[in-house]
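Input: a single structure, listed below in structure tokens.
2 protein chains.
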Amino acid sequence: MKHYALGLDYGTNSVRCVVVDLSDGCEIATAVFDYPSGKQGILLDASDPNLARQHPADYIKGLESVVPSALEQARDATPDFDGRGVVGIGVDTTGSTPLPVDAQGNPLGLNPEFADNLNAMAWLWKDHTSHAEADRITAYAARERPQYLAKCGGVYSSEWFWSKIWHCLNVDPVVFDAADGFVELCDYIPALLTGTTDRRFMARSICAAGHKAMYCDEWGGLPDKTFLDGLDPALGRLRGHLYERAVTSDQAAGMLTHEWADKLGLPAGIPVAVGALDAHMGAVGAGIREGVLVKILGTSTCDLLVIPADRQLADIPGVCGIVKGSVLPDYYAIEAGQSAVGDIFLWLLHCLAPDTGGVPDGERFRRLGEEAARQKPGEHGLLALDWNNGNRTVLTDVRLGGLLLGQTLRTELHEVYRALVEATAFGGLTIMRRIEQYGVPIREVVNCGGLAVKNPFLMQIYADISGRPMKVARSDQTCAVGAAIYGAVVAGAEAGGYDRIAAAQDVMCSVRERVYTPIAGNAAVYARLYELYRTLHDAFGTRDWQGNLFSIMKDLIALREQQRG
Amino acid sequence: MKHYALGLDYGTNSVRCVVVDLSDGCEIATAVFDYPSGKQGILLDASDPNLARQHPADYIKGLESVVPSALEQARDATPDFDGRGVVGIGVDTTGSTPLPVDAQGNPLGLNPEFADNLNAMAWLWKDHTSHAEADRITAYAARERPQYLAKCGGVYSSEWFWSKIWHCLNVDPVVFDAADGFVELCDYIPALLTGTTDRRFMARSICAAGHKAMYCDEWGGLPDKTFLDGLDPALGRLRGHLYERAVTSDQAAGMLTHEWADKLGLPAGIPVAVGALDAHMGAVGAGIREGVLVKILGTSTCDLLVIPADRQLADIPGVCGIVKGSVLPDYYAIEAGQSAVGDIFLWLLHCLAPDTGGVPDGERFRRLGEEAARQKPGEHGLLALDWNNGNRTVLTDVRLGGLLLGQTLRTELHEVYRALVEATAFGGLTIMRRIEQYGVPIREVVNCGGLAVKNPFLMQIYADISGRPMKVARSDQTCAVGAAIYGAVVAGAEAGGYDRIAAAQDVMCSVRERVYTPIAGNAAVYARLYELYRTLHDAFGTRDWQGNLFSIMKDLIALREQQRG
């Protein structure tokens, strides 16, 4: 009998399940479920653009939908497929996406009492309601526990665990008090599948804990009680309802219960790996190893690098997180990222330039890319900052906004699109430069995620602006594949899986033939544009910049004239 | 028999003719002709966004169309109308819009030899191809004749006469050499109607000469030959082919020829007033007098004030022009303006957010205004600079671009629309402050032009941001009415016209009942936003600003949160 692993990937708008054949890495089936609640799965509040929540019921409905349909697809596509050949399951989710839960580990949002309360739902990663709490945690930690901040780039984010929990306490003590504790989505799903939602038995992901909750073995796990008491005694008390240890995803969270096995059509008792955040699993699925930068290009981006844990590694200012074991056991993972990339392009089409003509997004993007690709760099005369959703790396500041400058009376939509794509590329380059500046070399860049696969126009600009070849991971769903790799590893070689991550990656990861190489003639122009980008970036994004911007618009016009010939 | 005057108004995209009843100021007929050439009447060059030309044949076709149709309309609408009652004609046009002409005063663009040469056509006011020449004239005049610059705000513009002529010489000496001279459109039309296109007989407008060609009686008319030789000896030679004196529009350029009288259906021999620029005539038609700021709100804006010529008036830095007699004889006119206002909103709809659903512009603007009006000031979190077409006053710099900042992933089109309307209001306020700072009080603001009439949303924001009531001139076409006023004045009271401008204005000008008054609660928020606007304005627009912009995005977000409650 052939062996398979399942990867479950909980994204921002949908959940997907892939079935991977462990003999050759083929993804033999994929099923997707769009969350039915809110706007594209996100619960919004018209009066507060910072708010983004999700309904926990969507997660469960998604599970019940995607696994059976993936298995059915597998049977349809592969005559010899047998669900009994599934040896393990891996899970990744967005994060920090904490859910308030009761003493049995059930999300409060499923309790009819809280059905209408957004604070009882899952607090999606991109919820920024807790920016004030984040600022206070940063200021307080800078004074009391600078070591906590050093691992997360110097600033604690409003997207992260403690900011959100504390904001819940501040704005809705009823929900906070009704909660026995708070659970990351990437811990909740494996717990649900393995019947370990009781916090005494629930495995906690080092990935979510380390990157989002200031967990580190160096200082004994979560932030100490004295520190939390200093924020609010209720947080100090909450610490005892959380966890002592977090573990890597090559550990099993438990075994699939009979109940879920029956519901999903899987063998009971197979191991479910400890969960991890989607990007980190995506990096594994894209074949991350030392010297390879994996860029996960989606609504936002995540840039990941690993270096062996026995190597010296300085803290890198402005880089979101350095956590041992969050991507590969025995490696430090260095995580950086941009808070909005694909989301900026979607904003352009949906909010700024909505079209009632009914042309689908994909087709509109294709046309815009085609028109924009006809231009030379600088020909549009525009410059943009990629901060519509704040700046995660290297400024770690959510209280920033987008910026577009240089528009004339003839600037067209495709030119703005190009300027926004370039802005995200400049943002990405800023991250690479910062990391290399701190002694971590980048020898290769592998991209994955929707944009990498679907947008050759963007990939070429990324190559031109970074001056590096851009490779694209073979799989369309590296996060789910990464999860499946861990599913195979927790099963182990004896059961038909793998003993080591690298061995599973060798079979399950590769890159596509088409590599985007930098066009030499564009480099000089983009180098000048990057200088201007950095000036704007520093002028609007840092306290210590001092200067004058009189020449920026003139430089852009001169460049435009030069490029138009 | 009743008496009438005709006003001919050559705008950017069309020419119109109004017939005014001199007994009561009623506009009894109006005809419009859209220029057929190019894009909305403008000849463009895909490779150079600075280029904007017009075909001289369009001007003549327009004349032959609008006068007969206006007269026909007048007959249809007013049974006792008799064309023989028309006592005078006034003309206004865009400018500086110079045309190269041959020795007989015929535009080269009508010569088949030059049919395909854009440089032989009329150089429309908004052509910016000569920015390099403008910079050189400014630098050279600053050194050699600072008094020339002092009257035009310290900077000679690429929109103006000498920049354009010189650019023609530099890029197309064949056209330059083929031209006997160059004629402003506002001089060409009266000359055509009165058979005085020969330069020895052609009357020249003090308005165009003074505002655009550095003409001033103080220094003996046009710039002296030595000065022009210093730019290029060919310009020095050209001076002798131009004119010695320019006159006010209460003078007749000549009498209507039999040929044109027959062609148009008018009495031969009636006087045609010396032409003037559209905005200046518009101010007259809006009822300008001392202390009244007239704002002509169209694709661009023009702000005009007059003070008696016997009063002391300092040169005002950054204000486009101070010319004696260009609006009212015996008054200095102070001209300022914004290079793009309506054009920015059209850009938003046509270029940035084109819609294939077929909703007409007017309806789209109405809906956007309606949605935007529901917001409080600052609620969108945005700030824009109104520089898509450069900045005419107070920076007098065409090498600037637009800017929009503060956009999130949820910023919608109507919010950007509101931010752009606000940006144009902030730009207008900057002009008012500069003029008052130099001792010219503004007691009343009367608006005219398309936007003033059609866009109550915009007018309210203008009132809120300036903190002054906004009145709107009664006529929809104050430029044409202003021209008709001068037509009545050159006819004189004995012929059924008027002897004095003020007497004609008393009959022909008034304001509408609806006055937009500032909403008190908005003032404080707009004062804060104006501070931020000024910071951006100075940071990007002046050489001497020094500082840091770190707080701008944060201030906008704080204001947004405050306003959303």
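Protein sequences, first through last, are from chains A and B.
Just add 119 to the spot in the first sequence (first one is 1) and you have the working numbering.
Just add 119 to the spot in the second sequence (first one is 1) and you have the working numbering.
Ideal Cβ placement from N, Cα and C applies to all residues, glycine included.
Please confirm if P496 (chain A) has its CB atom under 8 Å from at least one CB of chain B. Your numbering for residue 496 (chain A) matches position 377 in the first sequence. So, not an interface residue.
Given a threshold of 16 other Cβ atoms within 10 Å of its Cβ, counted over all protein chains shown, does S166 (chain B) qualify as buried or as exposed? Within the second sequence, residue 166 (chain B) is the residue found at index 47, counting from 1. Answer is exposed; the Cβ neighbour count stays below 16.
When you compare only the Cα positions, how much space is there between R319 (chain B) and V609 (chain B)? If you number the second sequence from 1, residue 319 (chain B) lands on position 200. If you number the second sequence from 1, residue 609 (chain B) lands on position 490. Using only the alpha carbons, I get a separation of about 21 Å.
My output table needs one value for I580 (chain B): the three-state DSSP class, helix, strand or coil. Translated into the one-based positions of the second sequence, residue 580 (chain B) becomes position 461. It is helical.
Let me know the beta strand (DSSP E) ranges lying completely inside the region 228 to 309 of chain B, each 3 residues or longer, listed in chain order. 300 to 303
Quick check on the DSSP output: the alpha helix (DSSP H) that includes I147 (chain A) runs from which residue to which? As a working note, residue 147 (chain A) is residue 28 in the first sequence. Where I147 (chain A) is concerned, there is no enclosing alpha helix (DSSP H), although the beta strand (DSSP E) it sits in stretches over 146 to 153.
Just to confirm, is the Cβ distance from D306 (chain B) to A222 (chain B) under 8 Å? Residue numbering aside, residue 306 (chain B) sits at position 187 when the second sequence is read from its first letter. Residue numbering aside, residue 222 (chain B) sits at position 103 when the second sequence is read from its first letter. For D306 (chain B) and A222 (chain B), no; Cβs fall outside 8 Å.
Could you check if R679 (chain A) is buried or exposed, using at least 16 other CB atoms within 10 Å of its CB as the buried criterion? Here residue 679 (chain A) corresponds to residue number 560 of the first sequence, with the count starting at 1. R679 (chain A) is buried by the Cβ-count criterion.
So is A623 (chain B) buried or exposed if we call it buried at 16+ other beta carbons inside 10 Å? Working through the second sequence from its first residue, we reach residue 623 (chain B) at position 504. Its Cβ being crowded by 16 or more others within 10 Å, A623 (chain B) is buried.
Name the chain A residues whose beta carbon is nearer than 7 Å to that of E531 (chain B)? In the second sequence, the residue the question calls residue 531 (chain B) occupies position 412. Those are C470, listed as they occur along chain A.
Since S670 (chain A) is in the alpha helix (DSSP H), which residue starts that stretch and which ends it? Translated into the one-based positions of the first sequence, residue 670 (chain A) becomes position 551. 669 to 683 is the extent of the alpha helix (DSSP H) around S670 (chain A).
Following the continuous beta strand (DSSP E) through Q624 (chain B), name the residue where it begins and the one where it ends. In the second sequence, counting from the first residue as 1, residue 624 (chain B) sits at position 505. That residue, Q624 (chain B), is in no beta strand (DSSP E); its alpha helix (DSSP H) goes 620 to 627.
Tell me the rounded alpha-carbon separation between A459 (chain A) and F484 (chain B). Here residue 459 (chain A) refers to the residue found at position 340 when the first sequence is read from its first residue. Here residue 484 (chain B) refers to the residue found at position 365 when the second sequence is read from its first residue. If you take the alpha carbons of A459 (chain A) and F484 (chain B), they lie about 30 Å apart.
Continuous alpha helix (DSSP H) stretch holding L357 (chain A): start and end: Start at 1 with the first residue of the first sequence, and residue 357 (chain A) comes out as number 238. That run of the alpha helix (DSSP H) goes 352 to 358.
For V535 (chain B), go through chain A and note every residue whose CB falls closer than 7 Å to its CB, in chain order. Numbered from 1 along the second sequence, position 416 holds the residue referred to as residue 535 (chain B). Residues of chain A passing the Cβ test: L471.
Which class does I453 (chain B) belong to by DSSP, given the choice of helix, strand or coil? For the purposes of this step, residue 453 (chain B) is identified with residue 334 of the second sequence, where counting begins at 1. Residue state, collapsed to three classes: strand.
Do the region 561 to 569 of chain B and the region 399 to 418 of chain B meet, that is, are 3 or more Cβ pairs less than 8 Å apart? yes
Who are the Cβ neighbours of D201 (chain B) in its own chain at under 8 Å, not counting the five residues just before and after it? Translated into the one-based positions of the second sequence, residue 201 (chain B) becomes position 82. The residues are M120, K121.
Which term fits P265 (chain B), buried or exposed, when burial requires 16 or more other beta carbons within 10 angstroms of its beta carbon? Reading the second sequence from its first residue, position 146 is the one you call residue 265 (chain B). Result: exposed.
In chain A, which residues lie less than 7 Å from D462 (chain B) when you measure between Cβ atoms? Taking the second sequence and counting its residues from 1, one reaches residue 462 (chain B) at position 343. L528, listed in chain order.
For L651 (chain B) and E409 (chain B), I'd like the C-alpha separation in whole angstroms. If you number the second sequence from 1, residue 651 (chain B) lands on position 532. If you number the second sequence from 1, residue 409 (chain B) lands on position 290. Roughly 32 Å between the two C-alpha positions.
If you drop the 5 nearest sequence neighbours on each side, which residues of the same chain put their C-beta closer than 8 Å to that of S685 (chain A)? Residue 685 (chain A) lies beyond the range of chain A shown here (120 to 684); nothing can be said about it.
Among B:G130, B:D164, B:V138, B:E541, which one has its Cα closest to the Cα of M627 (chain B)? What you label residue 627 (chain B) is simply residue 508 of the second sequence in a count that begins at 1. Of the listed residues, the one whose Cα sits closest to M627 (chain B) is B:V138.
Where do the N-terminal and C-terminal ends of the alpha helix (DSSP H) with M374 (chain A) fall, by residue? In the first sequence, counting from the first residue as 1, residue 374 (chain A) sits at position 255. No alpha helix (DSSP H) contains M374 (chain A), which is instead part of the beta strand (DSSP E) from 371 to 374.
Exposed or buried, what is T636 (chain B) when buried is set at 16 or more other beta-carbons lying within 10 Å of its beta-carbon? Numbered from its first residue, the second sequence carries residue 636 (chain B) at position 517. Flag for T636 (chain B) reads exposed.
Starting from K673 (chain B), find everything on chain A with Cβ-Cβ shorter than 7 Å and list it in chain order. Translated into the one-based positions of the second sequence, residue 673 (chain B) becomes position 554. Neighbours of K673 (chain B) on chain A, chain order: R518.
Shorter than 7 Å, the distance from the beta carbon of S458 (chain B) to the closest heavy atom of the ligand HEM, or not? For the structure depicted, the ligand HEM is absent and the ligand set is empty, with no information on it obtainable.
Report the rounded CA-to-CA distance for G326 (chain A) versus Y267 (chain A), giving the unit in angstroms. Numbered from 1 along the first sequence, position 207 holds the residue referred to as residue 326 (chain A). Numbered from 1 along the first sequence, position 148 holds the residue referred to as residue 267 (chain A). It is worth fixing the name first, because residue 326 (chain A) is Cys in this sequence and not Gly. Using only the alpha carbons, I get a separation of about 15 Å.
Can you tell me whether I638 (chain A) is buried or exposed, with buried defined as 16 or more other CB within 10 angstroms of its CB? By one-based count along the first sequence, residue 638 (chain A) stands at place 519. With fewer than 16 Cβ atoms within 10 Å of its Cβ, I638 (chain A) is classed as exposed.
For Q173 (chain A), which residues does DSSP report across the bridge? Numbered from its first residue, the first sequence carries residue 173 (chain A) at position 54. Note: Q173 (chain A) sits in a beta bridge opposite A:A241.
Under 6 Å Cβ to Cβ from H510 (chain B), same chain only, skipping five residues before and after it: list those, please. As a working note, residue 510 (chain B) is residue 391 in the second sequence. Per the sequence presented here, residue 510 (chain B) reads as Asn, with His not at that position. Here the set comprises D516, L519.
Give the straight-line distance between the Cα atoms of P217 (chain A) and F152 (chain A), rounded to the nearest whole angstrom. What you label residue 217 (chain A) is simply residue 98 of the first sequence in a count that begins at 1. What you label residue 152 (chain A) is simply residue 33 of the first sequence in a count that begins at 1. Approximately 21 Å, taken between the alpha carbons.
For chain A, find out if any of its Cβ atoms is closer than 8 Å to the Cβ of I415 (chain B); answer yes or no. Position 296 of the second sequence, counting from 1, holds the residue named residue 415 (chain B). It does not; no Cβ of chain A falls within 8 Å.
8 Å Cβ cutoff met for G144 (chain B) and G606 (chain B): Stepping through the second sequence from its first residue, residue 144 (chain B) is reached at position 25. Stepping through the second sequence from its first residue, residue 606 (chain B) is reached at position 487. Against a cut-off of 8 Å, the Cβ pair of G606 (chain B) and G144 (chain B) comes out as no contact.
Could you tell me whether any Cβ in chain A is nearer than 8 Å to the Cβ of P386 (chain B)? As a first step, residue 386 (chain B) is located in the second sequence; it is residue number 267 there, counting from the start. Output row for P386 (chain B): interface = no.
Could you tell me which residues DSSP pairs with D128 (chain A) in its beta bridges? In the first sequence, residue 128 (chain A) corresponds to position 9, counting from 1. D128 (chain A) pairs with A:R135, A:D211.
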